[in-house]
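Enquirer: Quick one: the structure is below, and I'll ask about it shortly.
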Amino acid sequence: MSIREKRISFKELLEKEKGIIAPCVFDSASARVAYMAGFKALCLSGAELSMAMDGLPDLGILSLPELEWIISRITENCPLPIIVDAEDGFGGPQNVYRTCKRLAAAGAAAILMEDESEPGFAKGVVEKNIIPKEEYWAKVRAAKAALEGTECIFIARTNVLINTEEGFQDAIERCRGSLEAGADMLLVNQLKTAEQAERFSKEFPDVWKMFPDINQSVKQPTMDAKDLYPLGYNIVTMHFLMKGAMVGMLNYALRVADEQNNIYPRDDMPYNISGQSAQPFYPVQEWLDLEAGFSGIHNTFWGDKLDLTKR
(Lines of atoms letter the chains of each structure in order from A and count residues from 1; the text may use other names and numbers.)
(Lines give C-alpha, C1' and ligand atoms only; values in the text may rest on other atoms or scores of the structure.)
Protein backbone atom coordinates (compact mmCIF):
# COMPACT_ATOMS: atom_id res chain seq x y z
CA MET A 1 0.00 0.00 0.00
CA SER A 2 1.35 3.39 -0.96
CA ILE A 3 1.32 6.09 1.70
CA ARG A 4 -0.26 8.36 -0.91
CA GLU A 5 -2.94 5.90 -2.01
CA LYS A 6 -6.39 7.42 -2.56
CA ARG A 7 -9.10 6.47 -0.09
CA ILE A 8 -11.81 4.16 -1.44
CA SER A 9 -15.43 5.37 -1.30
CA PHE A 10 -17.67 2.88 0.52
CA LYS A 11 -20.75 3.94 -1.44
CA GLU A 12 -18.93 3.46 -4.75
CA LEU A 13 -17.65 0.08 -3.56
CA LEU A 14 -21.16 -1.07 -2.65
CA GLU A 15 -22.49 -0.01 -6.03
CA LYS A 16 -19.62 -1.62 -7.93
CA GLU A 17 -18.90 -4.86 -6.05
CA LYS A 18 -21.34 -7.77 -6.05
CA GLY A 19 -20.29 -9.03 -2.63
CA ILE A 20 -17.82 -7.79 -0.05
CA ILE A 21 -16.17 -9.49 2.92
CA ALA A 22 -15.22 -7.03 5.65
CA PRO A 23 -13.00 -8.81 8.20
CA CYS A 24 -13.20 -7.56 11.77
CA VAL A 25 -10.11 -5.55 12.71
CA PHE A 26 -8.99 -3.99 15.97
CA ASP A 27 -5.88 -1.88 15.26
CA SER A 28 -3.64 -0.57 12.48
CA ALA A 29 -1.69 -3.83 12.22
CA SER A 30 -4.80 -5.97 11.68
CA ALA A 31 -6.10 -3.43 9.16
CA ARG A 32 -2.76 -3.60 7.35
CA VAL A 33 -2.93 -7.40 7.14
CA ALA A 34 -6.52 -7.29 5.84
CA TYR A 35 -5.46 -4.84 3.14
CA MET A 36 -2.46 -6.97 2.14
CA ALA A 37 -4.69 -10.05 1.89
CA GLY A 38 -6.85 -8.29 -0.68
CA PHE A 39 -10.00 -7.48 1.28
CA LYS A 40 -11.95 -4.43 0.05
CA ALA A 41 -13.41 -3.15 3.34
CA LEU A 42 -12.96 -3.43 7.11
CA CYS A 43 -15.21 -3.70 10.14
CA LEU A 44 -13.92 -2.33 13.43
CA SER A 45 -15.11 -4.75 16.11
CA GLY A 46 -15.97 -3.12 19.42
CA ALA A 47 -15.42 -6.40 21.25
CA GLU A 48 -11.96 -7.00 19.77
CA LEU A 49 -10.98 -3.35 20.19
CA SER A 50 -11.86 -3.57 23.89
CA MET A 51 -9.65 -6.63 24.25
CA ALA A 52 -6.77 -5.25 22.15
CA MET A 53 -6.68 -1.66 23.40
CA ASP A 54 -7.77 -2.00 27.01
CA GLY A 55 -7.12 -5.66 27.81
CA LEU A 56 -10.76 -5.98 28.81
CA PRO A 57 -13.45 -8.48 27.82
CA ASP A 58 -16.46 -7.34 25.83
CA LEU A 59 -18.51 -5.86 28.68
CA GLY A 60 -19.60 -2.52 27.22
CA ILE A 61 -16.70 -0.60 28.76
CA LEU A 62 -15.28 0.82 25.51
CA SER A 63 -15.50 4.62 25.25
CA LEU A 64 -16.16 7.02 22.38
CA PRO A 65 -12.69 8.69 22.59
CA GLU A 66 -11.07 5.27 22.22
CA LEU A 67 -13.14 4.58 19.10
CA GLU A 68 -12.23 7.97 17.64
CA TRP A 69 -8.55 7.49 18.31
CA ILE A 70 -8.20 4.10 16.65
CA ILE A 71 -10.37 5.05 13.64
CA SER A 72 -8.16 8.06 12.95
CA ARG A 73 -5.01 5.91 13.17
CA ILE A 74 -6.37 3.14 10.92
CA THR A 75 -7.75 5.48 8.26
CA GLU A 76 -4.56 7.56 8.22
CA ASN A 77 -2.59 4.59 6.88
CA CYS A 78 -5.17 2.32 5.21
CA PRO A 79 -7.35 3.34 2.23
CA LEU A 80 -10.04 0.72 2.82
CA PRO A 81 -13.46 1.95 4.00
CA ILE A 82 -14.14 0.99 7.58
CA ILE A 83 -17.46 0.10 9.21
CA VAL A 84 -17.44 1.12 12.86
CA ASP A 85 -19.31 -0.75 15.56
CA ALA A 86 -20.64 2.13 17.67
CA GLU A 87 -22.28 -0.18 20.21
CA ASP A 88 -25.54 1.50 21.34
CA GLY A 89 -24.37 4.99 20.33
CA PHE A 90 -23.30 5.72 23.93
CA GLY A 91 -26.71 6.93 25.09
CA GLY A 92 -29.88 8.61 23.86
CA PRO A 93 -30.49 10.62 20.66
CA GLN A 94 -28.34 13.57 21.74
CA ASN A 95 -25.42 11.26 22.55
CA VAL A 96 -25.95 9.37 19.28
CA TYR A 97 -25.88 12.62 17.31
CA ARG A 98 -22.57 13.57 18.92
CA THR A 99 -21.16 10.06 18.54
CA CYS A 100 -21.91 9.89 14.82
CA LYS A 101 -20.56 13.39 14.19
CA ARG A 102 -17.28 12.50 15.84
CA LEU A 103 -16.88 9.04 14.30
CA ALA A 104 -17.56 10.33 10.78
CA ALA A 105 -15.04 13.13 11.33
CA ALA A 106 -12.49 10.53 12.50
CA GLY A 107 -12.87 8.63 9.21
CA ALA A 108 -15.69 6.10 9.61
CA ALA A 109 -17.19 5.08 6.25
CA ALA A 110 -20.21 3.48 7.93
CA ILE A 111 -21.56 3.46 11.47
CA LEU A 112 -23.28 0.41 12.90
CA MET A 113 -25.55 0.88 15.92
CA GLU A 114 -27.55 -1.76 17.77
CA ASP A 115 -30.99 -1.62 19.39
CA GLU A 116 -29.72 -2.97 22.70
CA SER A 117 -28.41 -1.06 25.68
CA GLU A 118 -25.01 -1.99 27.10
CA PRO A 119 -23.95 -4.45 28.28
CA GLY A 120 -25.38 -6.23 25.28
CA PHE A 121 -25.90 -9.70 23.87
CA ALA A 122 -22.26 -10.46 23.04
CA LYS A 123 -21.19 -10.19 26.63
CA GLY A 124 -22.79 -13.48 27.61
CA VAL A 125 -23.36 -12.45 31.22
CA VAL A 126 -26.78 -10.76 31.23
CA GLU A 127 -30.19 -11.10 29.64
CA LYS A 128 -30.82 -9.18 26.45
CA ASN A 129 -31.53 -5.47 26.92
CA ILE A 130 -33.47 -4.69 23.75
CA ILE A 131 -34.82 -1.14 23.83
CA PRO A 132 -38.31 -0.15 22.59
CA LYS A 133 -38.63 0.25 18.83
CA GLU A 134 -39.64 3.90 18.97
CA GLU A 135 -36.65 4.69 21.17
CA TYR A 136 -34.28 3.08 18.68
CA TRP A 137 -35.88 4.81 15.70
CA ALA A 138 -35.35 8.18 17.42
CA LYS A 139 -31.66 7.30 17.69
CA VAL A 140 -31.58 6.39 13.99
CA ARG A 141 -33.03 9.79 13.10
CA ALA A 142 -30.39 11.45 15.28
CA ALA A 143 -27.62 9.47 13.58
CA LYS A 144 -28.82 10.37 10.09
CA ALA A 145 -29.05 14.05 11.00
CA ALA A 146 -25.47 13.92 12.27
CA LEU A 147 -24.22 12.25 9.07
CA GLU A 148 -25.94 14.68 6.70
CA GLY A 149 -23.43 16.10 4.23
CA THR A 150 -20.88 13.33 4.82
CA GLU A 151 -20.01 10.17 2.87
CA CYS A 152 -20.63 8.05 5.96
CA ILE A 153 -23.63 5.71 5.83
CA PHE A 154 -25.71 4.38 8.72
CA ILE A 155 -26.35 0.67 9.35
CA ALA A 156 -29.31 -0.22 11.56
CA ARG A 157 -28.75 -3.37 13.60
CA THR A 158 -31.31 -5.32 15.56
CA ASN A 159 -30.28 -7.88 18.15
CA VAL A 160 -33.73 -9.40 18.74
CA LEU A 161 -33.90 -13.18 18.82
CA ILE A 162 -35.52 -14.62 15.69
CA ASN A 163 -35.86 -18.28 16.66
CA THR A 164 -39.64 -17.81 16.90
CA GLU A 165 -42.10 -16.38 14.38
CA GLU A 166 -42.90 -13.56 16.77
CA GLY A 167 -39.23 -12.69 17.06
CA PHE A 168 -38.70 -12.78 13.30
CA GLN A 169 -41.65 -10.47 12.72
CA ASP A 170 -40.34 -8.12 15.41
CA ALA A 171 -36.99 -7.95 13.60
CA ILE A 172 -38.74 -7.14 10.32
CA GLU A 173 -40.82 -4.40 11.95
CA ARG A 174 -37.74 -2.89 13.58
CA CYS A 175 -35.94 -2.88 10.24
CA ARG A 176 -38.87 -1.27 8.42
CA GLY A 177 -39.04 1.46 11.01
CA SER A 178 -35.29 1.99 10.79
CA LEU A 179 -35.52 2.45 7.02
CA GLU A 180 -38.30 4.99 7.49
CA ALA A 181 -36.08 6.78 10.00
CA GLY A 182 -33.32 7.00 7.38
CA ALA A 183 -31.10 3.93 7.74
CA ASP A 184 -29.02 3.11 4.64
CA MET A 185 -28.38 -0.57 5.38
CA LEU A 186 -29.89 -3.29 7.56
CA LEU A 187 -28.36 -5.96 9.79
CA VAL A 188 -30.25 -8.64 11.73
CA ASN A 189 -27.61 -9.91 14.09
CA GLN A 190 -29.24 -13.25 14.87
CA LEU A 191 -29.38 -14.51 11.28
CA LYS A 192 -27.74 -17.94 11.30
CA THR A 193 -29.01 -20.04 8.39
CA ALA A 194 -29.43 -19.71 4.65
CA GLU A 195 -33.19 -20.13 5.09
CA GLN A 196 -33.38 -17.23 7.53
CA ALA A 197 -31.13 -15.11 5.32
CA GLU A 198 -33.25 -15.75 2.25
CA ARG A 199 -36.51 -15.05 4.04
CA PHE A 200 -35.25 -11.76 5.44
CA SER A 201 -33.83 -10.72 2.07
CA LYS A 202 -37.20 -11.22 0.38
CA GLU A 203 -38.72 -8.73 2.83
CA PHE A 204 -36.20 -6.07 1.75
CA PRO A 205 -35.26 -6.84 -1.88
CA ASP A 206 -33.94 -3.43 -2.89
CA VAL A 207 -32.15 -2.46 0.32
CA TRP A 208 -28.45 -2.75 1.19
CA LYS A 209 -28.07 -5.65 3.61
CA MET A 210 -25.23 -6.86 5.81
CA PHE A 211 -24.87 -10.43 7.07
CA PRO A 212 -23.64 -10.39 10.67
CA ASP A 213 -20.86 -12.97 10.90
CA ILE A 214 -20.11 -16.24 9.17
CA ASN A 215 -19.17 -18.69 11.91
CA GLN A 216 -18.81 -22.21 10.60
CA SER A 217 -16.62 -25.26 11.04
CA VAL A 218 -16.02 -28.54 9.24
CA LYS A 219 -18.24 -30.24 11.80
CA GLN A 220 -20.94 -27.57 11.54
CA PRO A 221 -20.98 -26.26 7.96
CA THR A 222 -23.40 -23.40 7.39
CA MET A 223 -22.61 -21.30 4.35
CA ASP A 224 -19.85 -19.37 2.64
CA ALA A 225 -19.96 -15.67 1.87
CA LYS A 226 -20.43 -16.48 -1.82
CA ASP A 227 -23.70 -18.23 -0.93
CA LEU A 228 -25.09 -15.00 0.50
CA TYR A 229 -24.46 -12.67 -2.43
CA PRO A 230 -27.18 -14.19 -4.66
CA LEU A 231 -29.59 -13.70 -1.75
CA GLY A 232 -29.03 -9.95 -1.89
CA TYR A 233 -26.47 -9.43 0.86
CA ASN A 234 -23.93 -6.77 -0.04
CA ILE A 235 -21.45 -7.26 2.75
CA VAL A 236 -20.44 -10.03 5.16
CA THR A 237 -18.26 -9.82 8.26
CA MET A 238 -15.97 -12.43 9.81
CA HIS A 239 -14.03 -12.59 13.06
CA PHE A 240 -10.67 -14.33 12.67
CA LEU A 241 -7.75 -11.87 12.73
CA MET A 242 -7.53 -11.36 16.49
CA LYS A 243 -7.80 -15.05 17.30
CA GLY A 244 -5.21 -15.87 14.64
CA ALA A 245 -2.85 -13.17 15.89
CA MET A 246 -3.14 -14.19 19.53
CA VAL A 247 -2.75 -17.91 18.80
CA GLY A 248 0.36 -17.13 16.74
CA MET A 249 1.83 -14.87 19.43
CA LEU A 250 1.12 -17.42 22.14
CA ASN A 251 2.68 -20.17 20.04
CA TYR A 252 5.87 -18.16 19.57
CA ALA A 253 5.95 -17.04 23.20
CA LEU A 254 5.61 -20.59 24.52
CA ARG A 255 8.44 -21.80 22.27
CA VAL A 256 10.73 -18.92 23.25
CA ALA A 257 9.99 -19.42 26.95
CA ASP A 258 10.66 -23.15 26.61
CA GLU A 259 13.80 -22.95 24.46
CA GLN A 260 15.20 -19.70 25.95
CA ASN A 261 16.08 -18.31 22.51
CA ASN A 262 14.28 -16.81 19.53
CA ILE A 263 15.34 -19.28 16.84
CA TYR A 264 11.78 -20.52 16.24
CA PRO A 265 10.14 -17.11 15.60
CA ARG A 266 13.16 -16.01 13.54
CA ASP A 267 13.42 -19.04 11.28
CA ASP A 268 9.86 -20.39 11.10
CA MET A 269 8.63 -17.48 9.01
CA PRO A 270 6.80 -17.51 5.67
CA TYR A 271 6.71 -14.66 3.14
CA ASN A 272 10.51 -14.30 2.94
CA ILE A 273 10.78 -12.65 6.36
CA SER A 274 13.80 -13.35 8.53
CA GLY A 275 15.13 -11.58 11.58
CA GLN A 276 12.98 -10.29 14.41
CA SER A 277 11.35 -7.16 12.97
CA ALA A 278 7.86 -6.75 11.48
CA GLN A 279 9.08 -3.76 9.43
CA PRO A 280 8.70 -5.61 6.08
CA PHE A 281 4.92 -5.46 6.57
CA TYR A 282 5.06 -1.68 6.29
CA PRO A 283 6.11 0.77 3.52
CA VAL A 284 9.41 1.73 5.14
CA GLN A 285 11.12 2.78 1.92
CA GLU A 286 8.28 5.12 0.98
CA TRP A 287 8.66 6.95 4.27
CA LEU A 288 12.43 7.17 3.77
CA ASP A 289 11.87 8.56 0.27
CA LEU A 290 9.37 11.08 1.64
CA GLU A 291 11.95 12.26 4.15
CA ALA A 292 14.57 12.49 1.38
CA GLY A 293 12.30 14.84 -0.54
CA PHE A 294 12.43 17.25 2.38
CA SER A 295 15.99 16.81 3.59
CA GLY A 296 17.87 15.68 0.49
CA ILE A 297 19.31 12.79 2.50
CA HIS A 298 18.59 9.42 0.87
CA ASN A 299 18.47 6.21 2.86
CA THR A 300 17.68 2.64 1.82
CA PHE A 301 15.75 0.03 3.78
CA TRP A 302 17.85 -3.13 3.76
CA GLY A 303 15.31 -5.40 5.41
CA ASP A 304 13.53 -8.29 3.73
CA LYS A 305 10.98 -7.64 1.00
CA LEU A 306 7.65 -9.26 1.79
CA ASP A 307 6.76 -12.04 -0.66
CA LEU A 308 3.19 -13.27 -0.24
CA THR A 309 3.81 -16.19 -2.62
CA LYS A 310 6.23 -17.81 -0.15
CA ARG A 311 3.94 -19.32 2.48
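In the numbering used here, the protein residues as written are 776 to 1086. Note that CB positions come from ideal geometry on N, CA and C, so glycine has one too. All values derive from a computational prediction rather than experimental measurement.
Determine which residues share a DSSP beta bridge with residue 982 and list them.
Expert: For residue 982, which the question treats as bridged, DSSP gives no partner whatsoever.
Enquirer: In the DSSP assignment, find the alpha helix (DSSP H) that holds residue 743 and state where it starts and stops.
Expert: Nothing can be reported for residue 743: it is not among the residues displayed for the chain, which extend from 776 to 1086.
Enquirer: Could you work out which residue in 946, 927, 844, 1018 is closest to residue 936 when comparing CA atoms only?
Expert: 946
Enquirer: Please state if the CB of residue 969 and the CB of residue 1002 are separated by a distance shorter than 8 Å.
Expert: Yes, these two residues count as a Cβ contact at 8 Å.
Enquirer: Classify residue 1074: buried if its beta carbon has 16 or more other beta carbons within 10 angstroms, exposed otherwise.
Expert: exposed
Enquirer: For residue 1072 and residue 848, I'd like the C-alpha separation in whole angstroms.
Expert: Distance between residue 1072 and residue 848, taken at the CA atoms: about 27 Å.
Enquirer: Thinking just about the alpha-carbon of each residue, which of 811, 1009, 871, 906 is nearest to the one in residue 791?
Expert: 1009
Enquirer: Is residue 863 helix, strand or coil by DSSP?
Expert: Three-state DSSP puts residue 863 in coil, outside helix and strand.
Enquirer: Under the rule that 16 or more other beta-carbon atoms within 10 Å means buried, what is residue 858, buried or exposed?
Expert: With 16 or more Cβ atoms within 10 Å of its Cβ, residue 858 is classed as buried.
Enquirer: According to DSSP, which residues form a beta bridge with residue 819?
Expert: DSSP output for residue 819 lists 800, 859 as bridge partner(s).
Enquirer: Could you spell out where the alpha helix (DSSP H) holding residue 1048 opens and where it closes?
Expert: Segment: none, residue 1048 is in no alpha helix (DSSP H) and carries neither H nor E.
Enquirer: Rounded to whole angstroms, how far is the Cβ of residue 864 from the Cβ of residue 914, which I believe are closer than 8 Å?
Expert: 6 Å
Enquirer: Run through the region 958-1043 for me and flag every whole alpha helix (DSSP H) of 4 or more residues, listed as ranges in chain order.
Expert: 969-978, 1000-1003, 1016-1034, 1038-1042
Enquirer: Taking the alpha carbon of residue 888 as the reference point, which residue from 911, 876, 1020, 1060 has its own alpha carbon closest?
Expert: 911
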